[in-house]
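Asks: Just dropping this structure here.
Residue numbers (the working numbering): 66 to 497.
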């Protein structure tokens, strides 16, 4: 099974590593220029070009669609370059935000004319990295290798232009190198957005660069750290999507977010200087305790005010302690509650079995007939409706139990949380 998953994930993982390699370099320059959302703006302009191409009748991966996308991205690069020249009186991020909003609104207007607009927008956002082919991967490697070599040869003027140019007289020369940067950046974004989507491309660009900058101010060291972190996050996201049976793009974005959190924790609590580590740990403990007590207090108050609402923190406490709303039900209510919960779980297990059977048949190449698929769909729908009925009974009886539970659990929880938050806040002020 693992060998099958590895074979299926090899090309997507290789593409993700290639994307990480080139985007981390651009991300480090983006951070130096303080234009973090330039990628989102250029990616959205690129998506606008692809959308116009589709509406005009060009297939997504055709040369015509790529030409449309490249032209739109080049215009976006020119606008971003011009915005830096006007950034003396207004921050460049403001122009970038306007460009992003305009491109998004224009995409919505163009998509409105497309019969498959919603599907196209979804593909632009999350991409389809699982469908990458060996030929496409080879094109990425060749394109990014050429761009990487050019940037390696021109790294000194490009990095000099990335610095703050306030007070410099030779503005025109720096704007020229800005244009070179944004045009090459646009080439990278144009090719990667079509495969990975806007959200994942933003992660490839910013997250590894951020992680690298956390550990070193030297661009070479930061680049190496970013490559390692990006490759690890990509592998975790792609293999995690197989394990969770979830969209690969979204899971990979979450993996990048988790990698950034882990890197931040390592930097703050392990690799920092001794005095800084001690200060960070005290701050982390105080902040964590304050957040926990605040959540407990608010959860307890919410139970008292709205016992019929959703209470995830109370549900976690009930699961840990074994004291749930069924303790506050009558004998008949408790029996009905337990029976409904068991029946709902049985229906869910039967639905999962049908789903696993259909998926396994596709995996083995033994596809089900149309009649079998219709029967399975009808059974799934029936079981789903029956499960909803049991869920209604569970929710109704749980609400009855929590209406009585709130006085015994909600009030003490609110009091403990409020007093704990106040004590931690007071101690923190004294420590200052």
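All residues carry an ideal CB built from backbone N, CA and C; glycine is no exception.
Would residue 321 pass as a contact of residue 108 if the rule is Cβ separation under 8 Å?
Replies: no
Asks: Identify whether residue 345 lies in helix, strand or coil by the three-state DSSP scheme.
Replies: Residue 345: helix per DSSP, three-state reduction.
Asks: Closer than 8 Å by C-beta to residue 528: which residues in its own chain qualify, once you throw out the five before and the five after it? Chain order, please.
Replies: Here the chain comprises residues numbered 66 to 497, so residue 528 is not present and cannot be evaluated.
Asks: Using the Cβ count rule (16 or more neighbours within 10 Å means buried), how would you classify residue 176?
Replies: buried
Asks: Just checking my contact of residue 443 with residue 433 at CB under 8 Å: how many whole Å lie between their CB atoms?
Replies: The Cβ separation is near 13 Å, so there is no contact.
Asks: Quick one, which of 94, 73, 470 and 74 has its alpha-carbon nearest residue 273's?
Replies: 94
Asks: Determine the contact status of residue 261 and residue 194, defining contact as a CB-CB distance below 8 Å.
Replies: yes
Asks: Short of 6 Å in beta carbon distance, which residues of its chain neighbour residue 366, apart from the five on each side in sequence? Order them along the chain.
Replies: 479
Asks: Going straight from the alpha carbon of residue 255 to that of residue 198, what length do you get?
Replies: 17 Å
Asks: By DSSP, does residue 221 sit in helix, in strand, or in coil?
Replies: helix
Asks: Specify the secondary structure class of residue 232 as computed by DSSP and reduced to three states.
Replies: The predicted position of residue 232 is uncertain, since its pLDDT is 46 and thus under 50; a value taken from the coordinates is nonetheless stated next. If DSSP states are grouped into helix, strand and coil, residue 232 belongs with coil.
Asks: How many Å lie between residue 301 and residue 314 at the Cα?
Replies: Here the alpha carbons of residue 314 and residue 301 stand approximately 12 Å from one another.
Asks: For the alpha helix (DSSP H) that residue 160 lies in, which residues bound it at each end?
Replies: 157-176
Asks: Quick one: give me the first and last residue of the alpha helix (DSSP H) that residue 384 is part of.
Replies: It spans 377-386 - the alpha helix (DSSP H) in which residue 384 sits, taken as one unbroken run.
Asks: In the DSSP assignment, find the alpha helix (DSSP H) that holds residue 302 and state where it starts and stops.
Replies: 284-309
Asks: Going by beta-carbon coordinates alone, are residue 368 and residue 379 separated by less than 8 Å?
Replies: yes
Asks: Contact check, residue 419 vs residue 446 under 8 Å by CB: the rounded distance?
Replies: Rounded, the Cβ-Cβ distance is 11 Å, inconsistent with contact.
Asks: Please state the DSSP three-state secondary structure of residue 432.
Replies: Under the three-state reduction of DSSP output, residue 432 falls in the coil class, being neither helix nor strand.
Asks: Under the rule that 16 or more other beta-carbon atoms within 10 Å means buried, what is residue 282, buried or exposed?
Replies: exposed
Asks: Please state whether the Cβ-Cβ distance between residue 106 and residue 174 is less than 8 Å.
Replies: With respect to the 8 Å criterion, residue 106 and residue 174 are not classified as neighbours on the basis of their beta carbons.
Asks: When the Cα atoms are used, what is the spatial distance from residue 466 to residue 357?
Replies: 25 Å
Asks: What number of angstroms, rounded off, separates the C-alpha of residue 232 from the C-alpha of residue 220?
Replies: Any reading at residue 232 needs caution, since the residue's pLDDT is 46, under 50, leaving its predicted position unreliable; the model's value is listed next. Approximately 22 Å, taken between the alpha carbons.
Asks: Count the other CB atoms, across all protein chains shown, that sit within 10 Å of the CB of residue 75; report buried if there are 16 or more and exposed otherwise.
Replies: exposed
Asks: Check the C-beta distance from residue 415 over to residue 363 and give it rounded, since I have them as a contact under 8 Å.
Replies: About 38 Å; that fails the 8 Å criterion.
Asks: Rounding to the nearest angstrom, what Cα-Cα distance links residue 251 and residue 142 in this structure?
Replies: 7 Å
Asks: What's the C-alpha gap between residue 436 and residue 172?
Replies: 41 Å
Asks: So the candidates are 275, 280, 111 and 400; which of them puts its Cα closest to the Cα of residue 65?
Replies: Residue 65 is absent from the model: the chain starts at 66 and stops at 497.
Asks: For residue 489, which of helix, strand or coil comes out of DSSP?
Replies: helix
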